[in-house]
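Structure first, commentary second.
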């Protein structure tokens, strides 16, 4: 939705996503929810995964139980101020997982 609204490509680094180790282990062992498959069916056309991305990564990023974090997008020059506000509120900075760039309105997971 953010990419469509901004007419930009959101580039998300999979290795930067905060993932619960137990969730990763379960999905790698083949445990996934039906909602993961339904979410991919609904939104997958707007998401590009690396050609060599394993199936478990797709299932993990589309599982509604593991995708509930707050996503904030800001201009690069505002990152320090946004991080300071997050630290003031919760005691630790947010995690930078990617960037917005010119391109089609979609998400690219690299």
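In my numbering, the protein residues as written are 868 to 977. A virtual CB, placed ideally from N, CA and C, is assigned to each residue, including glycine.
Exercise for review: Leaving out five residues on either side along the sequence, give the residues of the same chain with a beta carbon under 7 Å from the beta carbon of residue 953.
Suggested key: Sequence index remark: in the chain shown, residue 953 carries index 86 (1-based). The answer, listed in chain order, is 960, 961.
**Study point:** residue 958 (DSSP reduced to helix, strand or coil)
**Key:** For the purposes of this step, residue 958 is identified with residue 91 of the chain shown, where counting begins at 1. Here DSSP, grouped into helix, strand and coil, assigns residue 958 to coil.
Practice item. Can you check DSSP and say which residues form a bridge with residue 967? Key: On the chain shown, residue 967 is found 100 positions in, with the first residue counted as 1. DSSP, once it has assigned bridges, lists 877 as partnering residue 967.
Exercise for review: Determine the burial state of residue 838: buried for a count of at least 16 other Cβ atoms within 10 Å of its Cβ, exposed for fewer.
Suggested key: Any question about residue 838 goes unanswered here, given that the chain covers just 868 to 977.
Review point. Which runs of the alpha helix (DSSP H) fall wholly inside the region 885 to 964 and span at least 4 residues, in chain order?
Key: Counting whole runs of 4 or more residues, the region 885 to 964 contains the alpha helix (DSSP H) stretches 888 to 895, 901 to 910, 922 to 929, 946 to 957.
Review point. Hey, how far is the Cα of residue 972 from the Cα of residue 932?
Key: Here residue 972 is taken as the residue at index 105 of the chain shown, counted from 1. Here residue 932 is taken as the residue at index 65 of the chain shown, counted from 1. Here the alpha carbons of residue 932 and residue 972 stand approximately 25 Å from one another.
Review point. With a Cβ-Cβ cutoff of 8 Å, do residue 891 and residue 927 count as a contact?
Key: Reading the chain shown from its first residue, position 24 is the one you call residue 891. Reading the chain shown from its first residue, position 60 is the one you call residue 927. With a cutoff of 8 Å on beta-carbon distance, residue 891 and residue 927 are scored as near each other.
Review point. Do residue 881 and residue 950 have their CB atoms nearer than 8 Å?
Key: Numbered from its first residue, the chain shown carries residue 881 at position 14. Numbered from its first residue, the chain shown carries residue 950 at position 83. No, the Cβ-Cβ distance between residue 881 and residue 950 is not below 8 Å.
Point to revise | residue 975 versus 940, 937, 938, 917, residue with shortest Cα-Cα distance | key: Reading the chain shown from its first residue, position 108 is the one you call residue 975. The residue with the shortest Cα to Cα distance from residue 975 is 917.
Check your understanding: Exposed or buried, what is residue 877 when buried is set at 16 or more other beta-carbons lying within 10 Å of its beta-carbon?
Key -> For the purposes of this step, residue 877 is taken as residue 10 along the chain shown, with counting starting at 1. Answer is buried; the Cβ neighbour count reaches 16.
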